[in-house]
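S.K.: In my numbering, the protein residues as written are 112 to 697.
After the structure tokens below, expect a handful of questions from me.
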Amino acid sequence: MIHRRVSARGGPRSCWAAAPPIGASRSPMAATDAQRRPRPTRAGGAPRASRGLPRGSCARRRELPPDRLHFMVQAADTQGSPASGTTHRRSTGVQGAPIEGSGFKARVQPTMTILTRYLIRSHLVPLLFTFSLVTGLLYLNTVTRLLEDLVGKGLPTEIILEALILSFPHTLALSLPIAVLPAVLYTFSELASASEIVAMSASGVRPRKLFIPVLLLGTLLAGITYTFNDFVLPEANHRLKNLRNSIRQKSPTFQLRERVVNLIEGENGLGPYFLRVDEIDPVSAELTEVVIYDMSQQGVRRTTYATRGKMDLNSTFTDLHLRLHDGQVYEVGNREIGAFQRTGFEEQLYVLRGVGDVFQDMSGDQRTDREMSIAFLRDSAQAKRLALDSIRQDARRQTIRAVERALGTGPAADSAQGDNLVLAKSLQGAQGDLIPSDDFSRTVALTARTHTARTAALRKRASQYGVEIHKKLVIASACIIFVLIGMPVGIRFPRGGISMVIVVSATVIGVYQYGLTTGEDWADRDLAAPFWTMWAPNLVFLAIGSLMVSRMGRWIASSRDSGWRDLWLAARRSVQTVFRRGRRPA
């Protein structure tokens, strides 16, 4: 017996109906008689006519109550018996809409809702893993550089913890966009290698539809990155800068430099002490040719010379002990004019108390461009532009007055047009030697150089503010750009594995970082507009990603071949195509 699918409206897709066998009568009366013919039944079982039909047949479904009747749009498998009134469904499709004349409504379960949840779940695990890995590596590098300012200073524990915590937001701002690309590459390469992309395409779900949930997730991550970079990161950078300045000022003793007079502040403001050393051994802390200028006592000046010595700290890292050998002490007081006292020694212990425990809070309101929000940056850039316009107007007025003075003409007119007319008439009527005196020439040249330097400084500062504004937006939008790059590449090369993810991610991120750094340098030097220099990497990768997404439907690769082999064959075909076009006759 042959079966075909018919719908409740007579269509071909909803339920199964029995068709007569080949050669049998197809008249309506024959079918009616066959349906009216009684069929034996078993106790607790279904009629033989129903049991002989395939699963999901119309006869079975008519025996179910209306509230248990379900019409499936795509493939379904219904099991169970009408007597028990239970059904077990397996379906990946969309359940039907309300059926006319049936008196009930079918439940609706969209297919893309299931796929969306599945794609997001598949994407979150690699994203969290990659984010944790990248954050750990970047933060380890940051902590290593920060320890140079923290170790050996006798700092309180809370100061060290605060410095480590404040250095963490800078790491998060970089690691979140970087983690997007390898996560997308790994997710879709795994889906493609398991032939899930092929199965979805065969069931009518195009790869471009799979792109929408991941693109929305990338947009969400871009919004989170932008908010974090605009509100959290500037404040953390500002507090970290103030804290590091305070740490540097805490103990100048531990930053002694050779052949330089080092200023040392003592306990409770005592001092100052001035220490000069020709050579310092960083391993043994031995000193050579030591000179100490002691001005801690009012009206007394004491100078100590020693051929050698050794420096160490007490157990609490608060006092500096200088053990000097073979030296002399010169002391000058205010009691007698011209009198001084000289004392020789073979060994002397010189103690500078409190030099390792002076921690001053160097917090200030001065902020650099990386410590400002976008609104603050825009206000600062506008202030620099206004100052630049003011300098230009001032330079123009001074130039006109200088030329009038050199030509011996009267004062300039009030308006700019009057200034130009007076200057033109003066130049036309000037005769004789117009070379001014040397003093006047130097004054004019100095004024011009001053205005030029101030103009260049203001322009550079305004350009730096503009670069930082675009940089915050560019880094946030990199989450979307990396989604555009990662999904087509992952689908195109399903068998590349982890090696493909690492190589492609490192290459793309390296090129992107190089373009971003180069653009920032060009904009800071005012070689090009900040918009084009900062957005150039994003625009280039956006064009490449959009082109790959548009061709993504043709790249459903088989999981039997290697991703590297596919990459090699694609590159070879591209080169062969170029050479073939070049050999064509004109």
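The beta carbon of each residue, even a glycine, is placed where N, CA and C say it ideally should be.
If you're wondering where the values come from, they're calculated on a predicted model, not measured in any experiment.
1. For ASP389, which residues from the same chain have a beta carbon less than 7 Å from its beta carbon, with the 5 sequence-adjacent residues on both sides left out?
2. Have a look at the DSSP bridge pairing and note the partners of LYS421.
3. Kindly provide the ranges of any alpha helix (DSSP H) runs that are 4 or more residues long and lie completely inside the segment 579–636, ordered along the chain.
4. Roughly how many angstroms separate the alpha carbons of LEU328 and THR566, rounded to a whole number?
5. Among GLN439, ALA492, PHE342 and TYR441, whose alpha-carbon lies nearest the alpha-carbon of GLU482?
6. Roughly how many whole angstroms lie between the Cα atoms of MET663 and THR268?
7. Report the rounded CA-to-CA distance for LEU302 versus ILE231, giving the unit in angstroms.
8. Taking VAL309 as part of the beta strand (DSSP E), name the residues at either end of that continuous run.
9. Use the C-beta contact count for GLN528: other C-beta atoms within 10 angstroms, 16 or more gives buried, fewer gives exposed.
10. Whole angstroms are fine: how far does the CA of ILE358 sit from the CA of VAL411?
11. Run through the DSSP bridge pairs and tell me what ASN373 is partnered with.
12. State the Cα-Cα distance for the pair SER300 and TYR623, rounded to the nearest angstrom.
13. Considering only the beta carbon of each residue, do THR336 and PRO288 sit closer than 8 Å?
14. Where does ASP188 land, buried or exposed, given buried means 16+ other C-beta within 10 angstroms?
15. Can you grab the Cα-Cα spacing for the pair LEU272 / VAL316, in whole Å?
16. Which one of ASP405, ASN356 and PRO641 has the shortest CA to CA distance from ALA699?
17. Please classify THR479: does DSSP put it in a helix, a strand, or coil?
18. Pick out whichever of GLY630, GLY626, LEU627 and PRO599 has its Cα sitting closest to the Cα of VAL615.
19. Along the alpha helix (DSSP H) that carries MET645, what are the first and last residues, could you check?
20. Cutting at 6 Å between CB atoms, please list the residues of its own chain near THR298, excluding the five before and the five after it.
21. For LEU595, I'd like the list of residues in its chain whose CB is within less than 7 Å of its CB, leaving aside the five on either flank, ordered along the chain.
22. Within 10 angstroms of the Cβ of GLY455, are there 16 or more other Cβ atoms? Answer buried if so, exposed if not.
23. On the DSSP bridge list, what partners appear for PHE456?
24. Report back the beta-carbon spacing between LEU275 and VAL254 to the nearest angstrom; my notes put them in contact at under 8 Å.
25. Using beta-carbon positions only, say whether PRO280 and SER484 come within less than 8 Å of one another.
26. I'd like the ranges of any alpha helix (DSSP H) spanning at least 4 consecutive residues and lying wholly in the segment 230–310.
27. Could you check where the alpha helix (DSSP H) with ARG319 kicks off and where it finishes?
28. One question on the structure: do ILE502 and HIS562 come within less than 8 Å of each other, judged by their Cβ atoms?
29. Please state if the CB of GLY597 and the CB of LEU257 are separated by a distance shorter than 8 Å.
30. Taking THR629 as the reference, which of THR644, GLN439, ASN356 and THR618 has the closest Cα?
31. Is it buried or exposed, VAL245, if we count other Cβ atoms within 10 angstroms and call 16 or more buried?
32. Taking the C-alpha atoms as reference points, what is the distance between VAL585 and VAL325?
33. Helix, strand or coil: which one does DSSP assign to ASP405?
34. Kindly list the residues whose CB is nearer than 7 Å to the CB of ARG570, restricted to its own chain and excluding five residues on each side of it in sequence; keep chain order.
35. If the criterion is Cβ atoms closer than 8 Å, does the pair TYR461 and ILE403 meet it?
M.R.: So, from the listed chains and residues:
1. GLU369, ARG370, THR399 and GLU400
2. GLU397 and ARG434
3. 608–635
4. 45 Å
5. PHE342
6. 55 Å
7. 12 Å
8. Per DSSP, VAL309 belongs to no beta strand (DSSP E); it is in the alpha helix (DSSP H), 307–313.
9. Because the pLDDT at GLN528 is just 45, under 50, the model does not fix this residue reliably, and the point stays unresolved.
10. 31 Å
11. LEU386
12. 22 Å
13. yes
14. Low per-residue confidence applies at ASP188: pLDDT is 40, beneath 50, and the placement is therefore not dependable, though the value from the model is reported in the following sentence. Flag for ASP188 reads exposed.
15. 52 Å
16. Given that the chain is displayed from residue 112 to residue 697, the structure contains no residue 699 and the question cannot be resolved.
17. coil
18. PRO599
19. 641–661
20. SER233, HIS234 and PRO237
21. LEU653, GLY656, SER657 and VAL660
22. exposed
23. GLY438
24. 7 Å
25. no
26. 268–277 and 279–304
27. 318–338
28. yes
29. no
30. THR644
31. buried
32. 19 Å
33. strand
34. LEU499 and ASP637
35. yes
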